[in-house]
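So the structure is just underneath, and the comments pick up after that.
Residue numbers (this note's numbering), protein chains in the order written: chain A, -10 to 251; chain B, -10 to 251.
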C-alpha cells in the first residue's frame, strides 16, 4: 500500500516498444500495462503506422494508454528523459551490463521509482529483438527464465511479465491484494466439541443401520470414521450442514415414503 | 511418512481452458505454456471447434502442445484424473475456498507435483470466466493482483502468468513457502472422479429424504454440500469409507426395522 509519507511522487516505468511490427501486439501490450497500473507507452517507428485501429481493438479498453502513447524516430530519443533503463533480450549477450530476471528488475524499478527517478524498459522487434546499439542505451539487461528448448515470447507477453512483476513488487510479501479479497468466509476448523457432536450423530445414525457389523468391529470402525471427519477440518458452518445431511438420511426410516417437504 | 520408494516422476500441471472462444487465444496459451515448460493442454468445448488452424498459427511453433491437446465435453471430465485443482477468477467470490495469488499457487503446485500429485488449473471463457459450478470443482482459487480500475486479463495472458510463475517457482528453491499444507502421512487427495462419485452418492441418497426442500433450493444446497466435500480433501480410502456410510444410511429405509447385526 502507498506510504503515508510525502515522498516524491512515484514515477512509473515507461514501456518502450522499438519498431513493433503489428498493431495487435501494441494493443495487447497496452492492455497488459493497464492491468498492472502502467500508462507511459512509447513507440519507436511502429511499422504499421500510428495511430492504429488494430492496436486500439486489441487494447480492449486500455484507451488511456493508447491515446497517450508517444511516437519517436529513434530509441535514443525515446529514452532521453529517463534516468535508468533496462533492455529486454531473449538471451544474455556479451555485453558489459548486469543481466537480471524480471523479478529483480521490478524490485530495482520500484526502488528507483520510489526515489523519484524516471525509468523505462526497452522491448525489441517481434523477430529480431533489440540491436546491440539499442541494448547499449540501457543500464542493465532483463532476460526471461524461459524453456531453453522453446524460447519464444512475443513482445506483448514480455511486456505482460514485466508489468506483472512491477505490480507484484509493489505489494508486501505475502500481502497480495488477493489476500485482502479473501472471502471472509471463515474456514477455521470448528471447536472440537462441535466436531465430536457430528461424530456422535454419525455413529447414532449408523448404529441401527447395520454399518457396524459386529460389536468387535465397531470400535475400529468408529475410530476410522472419526479420523476421517477429524482430518477434514470442517468449519462450524460445514458441521451444521452435515448434521442436516445425517438427519435427513436418518429420517428416511421414520418416513419411509419420503414425500417430506418441510 | 513420505515413502522411501523412488519418488514418482514430477507431474506438471494441466492447463484447462473452459469454452475458449477464439482459436487465437488457445494458440497464445499453448505458446505461453511451452515457453515455461508446460505441455498438458485440455480444452472443454472449444467454441470454434478443434483442431483449429488459428490456434496453430498463434502457437508459433508450440506444436507439441497443440497436437497433444485433449478435448472434453465437461469441465468435470477434464479434471477427473487430477488430485488438486485451482480455478482462476477475476475476483474473489463468496466461496469457502482459499484464494491465493499466482505466486503462491505456483509454489503449491510445485510441491504437489514434486510429490507425484496430478494437478491442474482451470481458466474460464474470455468474457464470463468460470461459472460458480466450475469454480466449485476446484480446491482453491487463483486471482491476479491486477489494477482494480482495469482488470482485463484475457485467458492467454492469465495462462502466461501462471506458467511463468510455475517456471519461476522451480528456479527459486528459497522462495518456497514454509507453510506446509500437506500432512506428513500419505494423505494425497483422491482423483476428482472419485470425489465426484461420492458427491453423486450423497445427492442420490438425500433426494428421496426430503433434504432438498424444493426444486428451487436444490441447486444451491447441492453446491454447498459439494463445496464441503471438496474442501475436505478426502483420500481415495476415505471416500470408500464414506460410500459405505452413505450406503448404510440409505439401506435403513429398505430394512425399516433395523434389527440387523451382521
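Just so it is clear, CB atoms sit at the ideal spot from N, CA and C, and this is done for glycine as well.
Please report whether the beta-carbon of residue i lies at a distance below 8 Å from any beta-carbon of chain A.
i	result
residue 52/B	no
residue 14/B	no
residue 225/B	no
residue 233/B	yes
residue 111/B	no
residue 156/B	yes
residue 217/B	yes
residue 34/B	no
residue 206/B	no
residue 3/B	no
residue 178/B	no
residue 150/B	yes
residue 238/B	yes
residue 188/B	no
residue 6/B	no
residue 20/B	yes
residue 49/B	yes
residue 141/B	yes
residue 46/B	no
residue 194/B	yes
residue 241/B	yes
Based on Cα-Cα distance, which residue from the options lies nearest to residue i?
i	options	result
residue 91/A	110/A, 104/A, 63/A	110/A
residue 20/A	179/A, 7/A, 31/A, 44/A	44/A
residue 216/B	47/B, 86/B, 46/B, 18/B	86/B
residue 185/B	123/B, 141/B, 240/B	123/B
residue 176/B	29/B, 101/B, 129/B, 158/B	101/B
residue 76/B	131/B, 240/B, 142/B	131/B
residue 182/A	3/A, 198/A, 210/A, 219/A	219/A
residue 79/A	53/A, 229/A, 31/A, 114/A	114/A
residue 5/A	229/A, 137/A, 74/A	74/A
residue 210/B	213/A, 233/A, 157/A, 210/A	233/A
residue 94/B	62/B, 63/B, 64/B, 134/B	134/B
residue 52/B	112/B, 230/B, 29/B, 229/B	29/B
residue 99/A	160/A, 150/A, 112/A	160/A
Using a C-beta cutoff of 8 Å, does residue i count as contacting chain B?
i	result
residue 9/A	no
residue 98/A	no
residue 119/A	no
residue 75/A	no
residue 185/A	no
residue 38/A	no
residue 160/A	yes
residue 72/A	no
residue 214/A	yes
residue 198/A	yes
residue 95/A	no
residue 26/A	yes
residue 124/A	no
residue 280/A	As shown, chain A starts at -10 and ends at 251. That puts residue 280/A outside it, with no answer to give.
residue 146/A	yes
residue 134/A	yes
residue 42/A	no
residue 30/A	no
residue 221/A	yes
residue 0/A	no
So, is residue i buried or exposed, given that buried needs 16 or more other C-beta atoms within 10 angstroms?
i	result
residue 206/A	exposed
residue 1/B	buried
residue 164/A	With a pLDDT of 41 at residue 164/A, under the threshold of 50, the predicted position of this residue should be treated as unreliable, though the coordinate-derived value follows. Classification for residue 164/A: exposed.
residue 72/B	buried
residue 208/A	exposed
residue 126/B	buried
residue 154/B	buried
residue 178/B	buried
residue 277/A	Any property of residue 277/A remains undetermined from this structure, which presents chain A solely from -10 to 251.
residue 203/A	exposed
residue 46/A	exposed
residue 48/B	buried
residue 142/B	buried
residue 238/B	buried
residue 105/A	exposed
residue 137/A	exposed
residue 229/B	exposed
Between residue i and chain E, is there a C-beta pair that is closer than 8 Å?
i	result
residue 230/B	Here chain E cannot be found, since the structure's protein chains are A and B.
Could you tell me whether the segment 180 to 192 of chain B touches the segment 55 to 64 of chain B, using the rule of 3 or more Cβ pairs below 8 Å?
no
Quick check: the segment 17 to 29 of chain B against the segment 112 to 119 of chain A, are at least 3 beta-carbon pairs closer than 8 Å?
no
Given 8 Å, three or more beta-carbon pairs between the segment 222 to 232 of chain A and the segment 66 to 73 of chain B:
no
With a threshold of 8 Å, are at least 3 pairs of Cβ atoms found where one atom belongs to the segment 37 to 53 of chain B and the other to the segment 2 to 13 of chain B?
yes
Please give me, in chain order, every unbroken run of the beta strand (DSSP E) with length at least 3 that falls completely inside the segment 43 to 86 of chain B.
59 to 61, 73 to 77
Touch test, the segment 133 to 150 of chain A against the segment 135 to 151 of chain B, Cβ-Cβ under 8 Å, three pairs minimum
yes
Of all the alpha helix (DSSP H) runs that stay within the bounds of the segment 79 to 138 of chain A, which reach a length of 4 or more residues?
91 to 103, 121 to 124
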